[in-house]
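Take 713 as the starting number for the sequence shown in the working numbering and just add one per residue.
Here the structure is laid out as structure tokens; the discussion comes afterwards.
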Amino acid sequence: MAIALLWGLISASCSSGPAPATGTDTATADTLVLDVGDGDTSPDVTPTVDTQTGQGACDGLADGAACDDNDACTNNTTCQGGACGGGAPVSCKSNDPCQIASCDAALGCVTTALSDGAACAAPCFTTATCQAGACTGVTPLACPAPTEPCVASLGCDAATGQCTKAVLAPVGTACEGDDDVCTAEACAANGQCSATGAVETCEAQQQTTPCRTWQCSAASGCAESGDVDDGTPCGSLRVCHAGDCVPEGCQVGCGTPLACPTLTAGAAAPESLHYGPVAIVGGASIHLLGGSPSKQHLVYSPGSGWMTGTALSQGVSEGAGVLIGTHWYLVDGDIEEGVRIFDLEAGQWSLGAARPSVASRGPAGGTDGGYFFVAGGGDDSLNATTATHRYDPGADSWTTVAPMPTARGFAAHAVVGDRMYVFGGRDDALSGSSILRATEAYDMATNTWYPLTDMPTKRNSAFAAAVGDHIVVAGGFSGSTTLAVIEIYDTVNDTWETCTTSMSSAFSSGAAASLNGGLYLFGGGSGQLGVEVGQFP
713 MAIALLWGLI
723 SASCSSGPAP
733 ATGTDTATAD
743 TLVLDVGDGD
753 TSPDVTPTVD
763 TQTGQGACDG
773 LADGAACDDN
783 DACTNNTTCQ
793 GGACGGGAPV
803 SCKSNDPCQI
813 ASCDAALGCV
823 TTALSDGAAC
833 AAPCFTTATC
843 QAGACTGVTP
853 LACPAPTEPC
863 VASLGCDAAT
873 GQCTKAVLAP
883 VGTACEGDDD
893 VCTAEACAAN
903 GQCSATGAVE
913 TCEAQQQTTP
923 CRTWQCSAAS
933 GCAESGDVDD
943 GTPCGSLRVC
953 HAGDCVPEGC
963 QVGCGTPLAC
973 PTLTAGAAAP
983 ESLHYGPVAI
993 VGGASIHLLG
1003 GSPSKQHLVY
1013 SPGSGWMTGT
1023 ALSQGVSEGA
1033 GVLIGTHWYL
1043 VDGDIEEGVR
1053 IFDLEAGQWS
1063 LGAARPSVAS
1073 RGPAGGTDGG
1083 YFFVAGGGDD
1093 SLNATTATHR
1103 YDPGADSWTT
1113 VAPMPTARGF
1123 AAHAVVGDRM
1133 YVFGGRDDAL
1143 SGSSILRATE
1153 AYDMATNTWY
1163 PLTDMPTKRN
1173 SAFAAAVGDH
1183 IVVAGGFSGS
1193 TTLAVIEIYD
1203 TVNDTWETCT
1213 TSMSSAFSSG
1223 AAASLNGGLY
1233 LFGGGSGQLG
1243 VEVGQFP
């Protein structure tokens, strides 16, 4: 019986043979001790055994006495009927996954190396193979998703091969550690989900549906709880009504849609129209003033055609103009020497105070019946301004008012009620595209600007006219392309429609006017000689 044989000595003297392996009680791979089983502390018995038969080891010994059968692969052998045997087999184990342990009767526990590619067990891998004697992982162990709110992920611990290595979420990460979804919690440095004291206000839901009230329930979170008061503002020129956000002064679906116009050619003008004239409606006629710049004054009457009016005292181009009482007021877009004033009763032109702005090309203009409002414009480099000014005809003075949100010049513009609407334009100070889609409205009564739905087509040097609650925008430039497209803006519902019909030819820097329910489009930049007349179904 082998009790404590030091197999390292055998291994050293037999280096050409297989490497010894540890028994089950072995502490290290370097000290190879034969496993003798639990509780066996008896010293070795001096072998007197016949190596072929095992006889002789029990000579003179009683049955049950310990003996040595000269087999390194058995433990606790005893004498029975004069023969040595009946011992327990030695259990051999290798600490190297690429070495197989076995027992040799002469040597005891030995190991045999596995060939390259043989499967082995490596911590944190579901598959591994032996390579050059080492167990190399192939398929990493996929750790499950963590169940703790402040554990971002689980990793495998190489010492145990288990997914117990926690990666904590950053401090401050929102988490849910209790049953109340209305209280805010965040991850702490110790990995715990702790209350922050904040309470869910349902602000995000309120912004999405501003005309509904929201409350937070501990069990279910944010939920609608009713409607806000009718008349509560909910956006640009919009208020709440019965839980919906609708245009001011109406309910859902209010307003009468305006169909796209049918265009026909009108009478030819007596002379070529200039670039950027100002159109003002007076009585039963439309007056086209200046352009390019020039002092030209042409009058178009739907019933009688064209005639020539009193020439301007100074040229006007790319400007804006309005009718207030019995006077026209014009600002020039090229050289701002002062507001041009025409007395309709006296038939005379005069010059008023100049607008306090150096960027005047292509401004927007409108009136509330008492003041002349002018917004934006570009300088000689086409860099635009947001400046908005109000001219008081009685005092012949200008006042700076609320600036337009978007800097621009060469924008289309028209007035509906107390609001001046501005469409598109350009600002070459912008990086990227300098051509704009932006639509904004200025409330002349409250000195307030409102952002509105963008125009579908980005363009500058277009022209516009109000037809009831709608504004028709036509022509213009989009980059290097001259446009013939017509789009209609619904001021009540803040919506756009692009017409399938378009002008007979593309042009920009023209003029537009509405008279007695009809639409009149006048050529400008392309030197057109006439007018296109639009009729609405």
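Using N, Cα and C, we set each Cβ at its ideal position, and we do this for glycine too.
Residue i, DSSP secondary structure in three states
| i | result |
| --- | --- |
| glutamate 1199 | strand |
| glutamine 1008 | coil |
| arginine 1120 | coil |
| phenylalanine 1219 | coil |
| glycine 845 | coil |
| leucine 866 | strand |
| leucine 1024 | coil |
| glutamate 1209 | strand |
| arginine 1138 | strand |
| leucine 1233 | strand |
| glutamate 1057 | coil |
| leucine 975 | strand |
| tyrosine 1162 | strand |
| valine 1243 | strand |
| alanine 833 | coil |
| asparagine 787 | strand |
| asparagine 1228 | coil |
| phenylalanine 1248 | coil |
| methionine 1167 | coil |
| asparagine 902 | coil |
| histidine 1182 | strand |
| glycine 1017 | strand |
| glycine 797 | strand |
| threonine 872 | coil |
| valine 822 | strand |
| serine 1029 | coil |
| threonine 839 | strand |
| alanine 981 | coil |
| alanine 774 | coil |
Beta-bridge pairing of residue i - partner residues as DSSP gives them
| i | result |
| --- | --- |
| glycine 1081 | For glycine 1081, which the question treats as bridged, DSSP gives no partner whatsoever. |
| alanine 769 | Alanine 769 pairs with nothing; no bridge assigned. |
| arginine 1073 | Gly1090 |
| arginine 1052 | Leu1042 and Leu1063 |
| tyrosine 1133 | Ala1126 and Ala1153 |
| tyrosine 1103 | Phe1084 and Trp1110 |
| lysine 877 | Gly867 |
| glutamate 897 | Cys887 and Ala907 |
| leucine 853 | None; leucine 853 has no bridge partner. |
| leucine 1035 | Trp1040 |
| leucine 1255 | The requested residue 1255 does not occur in the structure, where the chain is confined to residues 713 to 1249. |
| serine 1190 | Thr1193 |
| cysteine 815 | Cys821 |
| alanine 1177 | Val1184 |
| asparagine 1172 | Phe1189 |
Integer Cβ distance of residue i from residue j, believed to fall under 8 Å
| i | j | result |
| --- | --- | --- |
| serine 997 | tyrosine 1012 | 7 Å |
| glutamine 904 | cysteine 868 | Their Cβ separation, rounded to whole angstroms, is 23 Å, which puts glutamine 904 and cysteine 868 out of contact at 8 Å. |
| threonine 1100 | tyrosine 1154 | 7 Å |
| glycine 1235 | leucine 1010 | Not quite, the Cβ-Cβ distance comes to about 12 Å (not below 8 Å), so this is no contact. |
| glycine 1089 | glycine 1059 | That belief does not hold up - the Cβ atoms of glycine 1089 and glycine 1059 are roughly 29 Å apart, past 8 Å. |
| valine 1197 | phenylalanine 1248 | So it is not a contact: roughly 17 Å between Cβ atoms. |
| proline 945 | valine 1204 | With 8 Å as the limit, proline 945 and valine 1204 do not qualify as a contact, their Cβ atoms being about 16 Å apart. |
| alanine 795 | glutamine 811 | Going by Cβ atoms, the distance from alanine 795 to glutamine 811 rounds to 35 Å, so no, they are not a contact pair. |
| alanine 981 | alanine 1223 | Actually they do not touch by this definition, with Cβ atoms about 12 Å apart. |
| threonine 1097 | alanine 1119 | 6 Å |
| phenylalanine 1084 | proline 1115 | With a Cβ gap of about 17 Å, phenylalanine 1084 and proline 1115 do not count as contacting. |
| tyrosine 1184 | alanine 1176 | Reading off the sequence, residue 1184 comes out as valine, not tyrosine. Their Cβ separation, rounded to whole angstroms, is 6 Å, which keeps valine 1184 and alanine 1176 in contact under 8 Å. |
| glycine 961 | aspartate 939 | Going by Cβ atoms, the distance from glycine 961 to aspartate 939 rounds to 19 Å, so no, they are not a contact pair. |
| valine 1128 | aspartate 1202 | Rounded, the Cβ-Cβ distance is 10 Å, inconsistent with contact. |
Beta carbon proximity, residue i to chain C, threshold 8 Å
| i | result |
| --- | --- |
| tyrosine 1103 | In the structure shown, chain C cannot be found, because there is only a single protein chain. |
- Query: Can you list the beta strand (DSSP E) stretches of 3 or more residues lying completely in the region 912-967, in chain order?
  - Reply: 924-929, 933-939, 945-947, 950-953 and 956-959
- Query: Do the region 1021-1028 and the region 1069-1087 touch if we need at least three Cβ pairs shorter than 8 Å?
  - Reply: no
- Message: Tell me whether the region 1211-1223 and the region 1159-1168 touch, counting them as touching only if at least three CB pairs, one residue from each stretch, are closer than 8 Å.
- Response: no
- On the three-pair Cβ rule with 8 Å, is the region 844-853 touching the region 876-891? no
- Query: If you pair each beta-carbon of the region 1131-1139 with each one of the region 1102-1115, do three or more pairs fall below 8 Å?
  - Reply: no
- Message: For the structure I just gave you, are there three or more beta carbon pairs, one from the region 1177-1196 and one from the region 946-965, closer than 8 Å?
- Response: no
- Pairing CB atoms from the region 779-797 with CB atoms from the region 809-821, are three or more of them under 8 Å? yes
- Indicate whether the contact test is met: 3 or more Cβ pairs, each with one atom in the region 921-937 and one in the region 891-902, closer than 8 Å. yes
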